[in-house]
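In my numbering, the protein residues as written are 5 to 183. Note sheet for the following structure.
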């Protein structure tokens, strides 16, 4: 348990440092969204920490780069946001929130255009997987393990792209061929 607490404390510190680096306009946009939806914001934080924990185990050296670990992390993050938010709200509201917060994340923390497109696309892969699985399982019974194996498999089959035009619907994409 001690190591888990240390890991979560380190991630929380990283998250808050990143937030404090935002300029006033961006910080205001983020706080405005979080304060309008405090429960979703809290659940998103939990999803974020859980995503880091899982991704750090599966891709310890590379999830912060632009390869399979990053694709997996973005898709899993979206699934977990949806999973947690669906426990207190409708799937439609959870999907709307997930899209808003993940899109805002990409706007606030600027990447190269192709990396941003990759992240947005892989976020969408996670949201689509959740919505597809929702048809067969009541939203209250979802567990993290439902997503990790299918997303890991999708990450291993991700398409290496060199331009935004190469992105394919329904398939994860990467811009670096690293595991």
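Just so it is clear, CB atoms sit at the ideal spot from N, CA and C, and this is done for glycine as well. None of the values given here were measured: they were computed from a predicted structure.
- Leaving aside the five residues that flank residue 134 on each side, the residues in its chain whose CB is nearer than 6 Å to its CB run, in chain order, 83, 86.
- In summary, residue 68 is exposed, with fewer than 16 beta-carbon neighbours lying within 10 Å of its beta-carbon over all protein chains present.
- A residue is called buried when at least 16 other Cβ atoms come within 10 angstroms of its Cβ; residue 114 does not meet this threshold and is exposed.
- The beta strand (DSSP E) runs lying completely inside the region 16-69 and spanning 3 residues or more number zero.
- Rounded to whole angstroms, residue 90 and residue 143 show a C-alpha spacing of 6 Å.
- The Cβ-Cβ distance between residue 81 and residue 44 does not fall below 8 Å.
- Per DSSP, reduced to three states, the secondary structure at residue 163 is strand.
- For residue 134, the enclosing alpha helix (DSSP H) has its first and last residue at 117-138.
- Excluding the 5 residues flanking it on each side, residue 108 has same chain C-beta neighbours closer than 8 Å at 33, 34, 37, in chain order.
- The alpha-carbon of residue 20 is positioned some 32 Å away from that of residue 138.
- By the criterion of a C-beta distance shorter than 6 Å, residue 71 is surrounded in its chain by 178, 180, 182, once the five residues flanking it on both sides are discounted.
- Taking all protein chains shown into account, residue 59 has 16 or more neighbouring C-beta atoms within 10 Å of its C-beta and is therefore buried.
- Of the candidates 95, 121, 53, 95 places its Cα closest to the Cα of residue 146.
- Of 130, 104, 46, 174, the smallest CA-CA separation from residue 148 is found for 130.
- In the same chain as residue 41, and ignoring 5 residues on each side of it, the C-beta atoms closer than 7 Å to its own belong to 101, in chain order.
- In the three-state reduction of the DSSP assignment, residue 85 falls in the helix class.
- In the three-state DSSP reduction, residue 105 falls in the helix class (H, G or I).
- Segment contact: the region 115-126 against the region 163-172, three or more CB-CB distances shorter than 8 Å; contact assigned.
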